[in-house]
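With my numbering, letter number 63 in the sequence shown gets 116, and the count goes up by one each step, no holes.
Report on the following structure.
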Amino acid sequence: MTDADVQVRREVVRRLRRSLRGGDCAARLGQDEFVVLLDDVRPGGDAARVDELLARMRADLGVAGVAGIIASVHRCHDADDALREAEITLLRVEAQPPHRGSSAQR
């Protein structure tokens, strides 16, 4: 991993932290994987926030991120269920052609 890679990851983390609200939380799961849990989700509005954040990172940093969004965790029994649902949604996004969007909701 180059110094430039480390700097880009640090900037991604800074931007994620700045975008969080009071009850939200973010964590790094893997080398290039992050999870963001949003409290008090508003249908449509938060997906738009995620798309805007991804677009800014793509424009400013050259980072092509994608997101799997689940709007309701009420059907999930625990955090593992919520992460699994988000991963399924993320896989759907990654299967789309690049021009089709950077996030999807489930």
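Using N, Cα and C, we set each Cβ at its ideal position, and we do this for glycine too.
Check                                                                                              : Outcome
The region 78-94 / the region 54-69 touching (three or more Cβ pairs under 8 Å)                    : yes
Of the listed residues GLY76, ALA80, GLY75, nearest to ARG63 (C-alpha basis)                       : ALA80
C-alpha gap between GLY154 and VAL146, whole angstroms                                             : The predicted position of GLY154 is uncertain, since its pLDDT is 49 and thus under 50; a value taken from the coordinates is nonetheless stated next. Roughly 8 Å between the two C-alpha positions.
Close Cβ partners of GLY76 (< 7 Å) along its chain, the five nearest in sequence each way excluded : ASP92, ASP93
Cβ-Cβ separation, LEU114 to VAL89 (assumed contact under 8 Å), whole Å                             : At roughly 17 Å, the Cβ-Cβ gap does not stay under 8 Å, so VAL89 and LEU114 are not in contact.
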